[in-house]
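Just so you know, the protein sequences line up as chains A and B, in that order. All residue numbers for the first sequence refer to my numbering, where the first residue is 3 and numbers rise by one. All residue numbers for the second sequence refer to my numbering, where the first residue is 249 and numbers rise by one. Below is one structure, written out as C-alpha cells; comments come after it.
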Amino acid sequence: MNERISRIDRLTTPITEAGQCLLFLLRMLAGVRFGGQQILAVLQQVYLIGARSLVIIMICGFFVGMVLSLQAINALEQFGASDQVSLLVGKSLFRELGPVLTALLFAGRAGTSITAEIGLMKATNQLEAMELMAIDPVQRIALPRFVAGVVSVPLLAGMFSAMAIMGSVVFAIGVMGLDAGIFWSKLQTGVYFQKDFVGGMWKSLVFGGTVSLIAVYFGYSAKPTGAGVGTATTNTVVLSSVLILIFDFIMTSFLT
Amino acid sequence: MRANYKVEFASGVFLLLGIAALVWLATRATDYGQDIGKETYTISARFANVGDLRNRAPVKIGGVTIGLVESIALDPVSFEAVVRMSVASRFDEIPSDTGASVLTSGVLGDRYIGLEPGGAPDMLADGDEIFITQSAIVLEQVISKYMFNTGTGGDKE
Chain A
3 MNERISRIDR LTTPITEAGQ CLLFLLRMLA GVRFGGQQIL AVLQQVYLIG ARSLVIIMIC
63 GFFVGMVLSL QAINALEQFG ASDQVSLLVG KSLFRELGPV LTALLFAGRA GTSITAEIGL
123 MKATNQLEAM ELMAIDPVQR IALPRFVAGV VSVPLLAGMF SAMAIMGSVV FAIGVMGLDA
183 GIFWSKLQTG VYFQKDFVGG MWKSLVFGGT VSLIAVYFGY SAKPTGAGVG TATTNTVVLS
243 SVLILIFDFI MTSFLT
Chain B
249 MRANYKVEFA SGVFLLLGIA ALVWLATRAT DYGQDIGKET YTISARFANV GDLRNRAPVK
309 IGGVTIGLVE SIALDPVSFE AVVRMSVASR FDEIPSDTGA SVLTSGVLGD RYIGLEPGGA
369 PDMLADGDEI FITQSAIVLE QVISKYMFNT GTGGDKE
C-alpha cells in the first residue's frame, strides 16, 4: 500500500510542483502596487542581477559574434558569398542566439544567486521573522527579484546582440577585410524588424520570466538546510536551461 | 544614503544602456527605419509571373528605390499576380504609361520591381494601375530553352 502511494506521489510531484509554482506567481503578482518603495526595491535588484551581469554578457556576446562570423566566412567563402556573413550573423543572433544564450548565462549568473540568497534567508529563519512582523516575504523578497529579472533579460539580450554585431564587425571587416558598406546594408535590408527583432524580444521576455520565476520559487521552497539550498541552486540551473530550450522551440514554431 | 544613491544610479545607467543597445540594433541592424517615409500612395500592376518576388521588395526607377511592394495576390479570375506597391509621395509625377518589370539584382540576387517611365502627360495617382508590364525571367526556363533549343533551326551539325 505504502509503495503504491509513493509511486503515485512520484508521478504527481512534478504536477504539484508546477501548480505550486503557478500559485506562487499569482501570489507575487497580487502584491504589485506600483508604489515608490516597490520601484526602489526593483531598481536595487536590477542593479544586483542585471547590471552586474553586464560584463559577462558583453564579453560572451563579443566572442560569440566573432566565432559566428569566423565560421560563417569559412563556410560562405566556398560559394563566393562571404558578403552574406552579416545577414547570417544578424538573423541567427536576433532570432536564436541572443535570447537563448543570454537567458542561459542569466540563469547561471543571476538565477543561482537569487535561489541561494532566498534559500539562505529561509535557512536562517529570516523569512519566518518577516511573517511574524506581518510582512509577506513573497511580495517583499521574491517580487522585486522576479520583476527585475523580467526587465533585465531583454535588455541584456539587446546588449548581447549589440556586442555580437560589434564582434562580427571587428572580425569580418577588421580582420577579414570585408566591405563595411555591404556589411551594414545587408543587415538593413535582410533582417526584418517585426519578424526577427521583435520576435527575439518576445522570446527573451518569456525566458526572463521563466528563469526568474524558477529561481525565486526554488529559493523559497528550498529545504532550510545547507544541502537543501545547494540542491535548490542546482535545480534552478538545470530546470531553467531545459525550459529555455523547450520554450525556444515552441515559440519559434509559433512565431515564424 | 550615499550607497543607495550609487546603486540607483548604476541601475539607471544599466537601463539606459540596455535601451540604447536595443535602439541601436533596431535602427542600424534591422530594416526598421528603412521605410520610404510615411506619406505614400499605392499603385498596382498585373504580371503573368512574379517569380520569387516578396513583400517589402524594393520598387526602383533607374536603380533608386522609390517604394516597396506592399502585397502580392493572385487574381482568381484571370490568374494574374496583382502586385500592390506603395510609392513615396515625393515621386508623384510618374507618367501613366510607365512600364513595370520584375527584375533580379545580379544573377542570383533578390527580385525587385523596376519602373520604366514613359512620356504621357498625365501622372499615376493613388489606386492607379500600370498596364505595361513584363514578367519575371525564370532562370530555369531560359536555360532549358537554350539547352533544348528546338524549332529555331539550331541544329547546325
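Think of the CB as a built atom: it goes at the ideal place given N, C-alpha and C, for glycine as much as any other residue. This structure is a prediction, so every number in the text was calculated from the model and none was measured.
Three-state secondary structure (DSSP) of residue i
{"i": "residue 369 (chain B)", "result": "coil"}
{"i": "residue 295 (chain B)", "result": "strand"}
{"i": "residue 333 (chain B)", "result": "strand"}
{"i": "residue 343 (chain B)", "result": "strand"}
{"i": "residue 352 (chain B)", "result": "strand"}
{"i": "residue 319 (chain B)", "result": "strand"}
{"i": "residue 286 (chain B)", "result": "coil"}
{"i": "residue 253 (chain B)", "result": "helix"}
{"i": "residue 33 (chain A)", "result": "coil"}
{"i": "residue 415 (chain B)", "result": "In the structure as shown, chain B starts at 249 and stops at 405, and residue 415 (chain B) therefore has no counterpart that could be examined."}
{"i": "residue 412 (chain B)", "result": "Here chain B has residues from 249 to 405 only, and residue 412 (chain B) is not among them."}
{"i": "residue 56 (chain A)", "result": "helix"}
{"i": "residue 130 (chain A)", "result": "helix"}
{"i": "residue 194 (chain A)", "result": "coil"}
{"i": "residue 211 (chain A)", "result": "helix"}
{"i": "residue 280 (chain B)", "result": "coil"}
is_contact[residue i, chain A] using C-beta, thresh 7 Å
{"i": "residue 381 (chain B)", "result": "no"}
{"i": "residue 318 (chain B)", "result": "no"}
{"i": "residue 278 (chain B)", "result": "yes"}
{"i": "residue 259 (chain B)", "result": "yes"}
{"i": "residue 249 (chain B)", "result": "Bear in mind that the predicted position of residue 249 (chain B) carries a pLDDT of just 47, short of 50, making it unreliable; the figure below should be weighed with that in mind. Not an interface residue."}
{"i": "residue 266 (chain B)", "result": "yes"}
{"i": "residue 274 (chain B)", "result": "yes"}
{"i": "residue 270 (chain B)", "result": "yes"}
{"i": "residue 405 (chain B)", "result": "Only weak support is given to the placement of residue 405 (chain B): the predicted model assigns it a pLDDT of 48, under 50, and the value that follows is read from those uncertain coordinates. Not an interface residue."}
{"i": "residue 333 (chain B)", "result": "no"}
Proximity to residue i [Cα-Cα], best of the options
{"i": "residue 149 (chain A)", "options": "A:15, A:12, A:32", "result": "A:32"}
{"i": "residue 257 (chain A)", "options": "A:202, A:217, A:20, A:76", "result": "A:202"}
{"i": "residue 347 (chain B)", "options": "B:372, B:269, B:357", "result": "B:372"}
{"i": "residue 361 (chain B)", "options": "B:312, B:253, B:286, B:289", "result": "B:312"}
{"i": "residue 271 (chain B)", "options": "A:141, A:24, A:163, A:93", "result": "A:163"}
{"i": "residue 205 (chain A)", "options": "A:178, A:44, A:247", "result": "A:247"}
{"i": "residue 262 (chain B)", "options": "A:53, A:14, A:231, A:69", "result": "A:53"}
{"i": "residue 177 (chain A)", "options": "A:166, A:159, A:72", "result": "A:72"}
{"i": "residue 27 (chain A)", "options": "A:216, A:95, A:87", "result": "A:216"}
{"i": "residue 250 (chain A)", "options": "A:183, A:103, A:136, A:115", "result": "A:103"}
Within-7 Å CB hit, residue i to chain B
{"i": "residue 112 (chain A)", "result": "no"}
{"i": "residue 240 (chain A)", "result": "no"}
{"i": "residue 199 (chain A)", "result": "yes"}
{"i": "residue 189 (chain A)", "result": "yes"}
{"i": "residue 157 (chain A)", "result": "yes"}
{"i": "residue 193 (chain A)", "result": "yes"}
{"i": "residue 160 (chain A)", "result": "yes"}
Interface residues of chain D facing residue i [CB-CB closer than 8 Å]
{"i": "residue 45 (chain A)", "result": "The chain labelled as chain D is not found among the protein chains of the depicted structure, namely A and B."}
Interfacial residues, the segment 163-179 of chain A to chain B, with Cβ spacing under 7 Å: Cβ proximity to chain B below 7 Å picks out 163, 164, 167 from the segment 163-179 of chain A.
Given 8 Å as the limit, is there contact between the segment 330-345 of chain B and the segment 369-378 of chain B, that is, 3 or more CB pairs closer than that? These segments touch.
By the 7 Å beta-carbon criterion, what residues does the segment 302-316 of chain B contribute toward chain A? For the segment 302-316 of chain B, there are no residues whose beta carbon sits under 7 Å from a beta carbon of chain A.
Quick one, which residues of the segment 229-258 of chain A are near chain B if we go by CB-CB under 9 Å, in chain order? Cβ contacts with chain B: none found.
Could you run through the segment 44-70 of chain A and flag, in chain order, every residue whose CB is less than 7 Å away from some CB of chain B? With the criterion set as a beta carbon lying under 7 Å from some beta carbon of chain B, the members of the segment 44-70 of chain A are 45, 46, 48, 49, 52, 53, 56, in sequence order.
Spell out a yes or no on whether the segment 163-179 of chain A and the segment 111-121 of chain A are touching, meaning 3 or more CB-CB pairs, one atom from each, closer than 8 Å. Contact between the segment 163-179 of chain A and the segment 111-121 of chain A is absent, because fewer than three Cβ pairs lie under 8 Å.
In chain order, what residues of the segment 85-97 of chain A put their CB closer than 9 Å to some CB of chain B? Result list: 88, 92, 95, 96.
Please identify, using Cβ separations under 9 Å, the residues of the segment 204-232 of chain A that lie next to chain B, in order along the chain. Among the residues of the segment 204-232 of chain A, none has a Cβ less than 9 Å away from any Cβ of chain B.
How do the segment 134-153 of chain A and the segment 205-219 of chain A stand: do at least 3 beta-carbon pairs fall below 8 Å, yes or no? Enough Cβ pairs lie closer than 8 Å, so yes.
By the 7 Å beta-carbon criterion, what residues does the segment 340-373 of chain B contribute toward chain A? Look at the segment 340-373 of chain B: it has no residue with a C-beta under 7 Å from a C-beta of chain A.
For the structure I just gave you, are there three or more beta carbon pairs, one from the segment 321-330 of chain B and one from the segment 265-279 of chain B, closer than 8 Å? Result no; under three Cβ-Cβ pairs closer than 8 Å.
Taking contact to mean at least 3 C-beta pairs separated by less than 8 Å, is the segment 253-269 of chain B in contact with the segment 45-64 of chain A? Touching, per the Cβ criterion.
Within the chosen definition, does the segment 60-72 of chain A reach the segment 113-123 of chain A through at least 3 CB pairs nearer than 8 Å? At 8 Å Cβ cutoff, the stretches do not touch.
Taking one C-beta from the segment 40-47 of chain A and one from the segment 133-149 of chain A each time, how about it: are there three or more such pairs within less than 8 Å? Per the Cβ contact rule, the segment 40-47 of chain A is in contact with the segment 133-149 of chain A (3 or more Cβ pairs under 8 Å).
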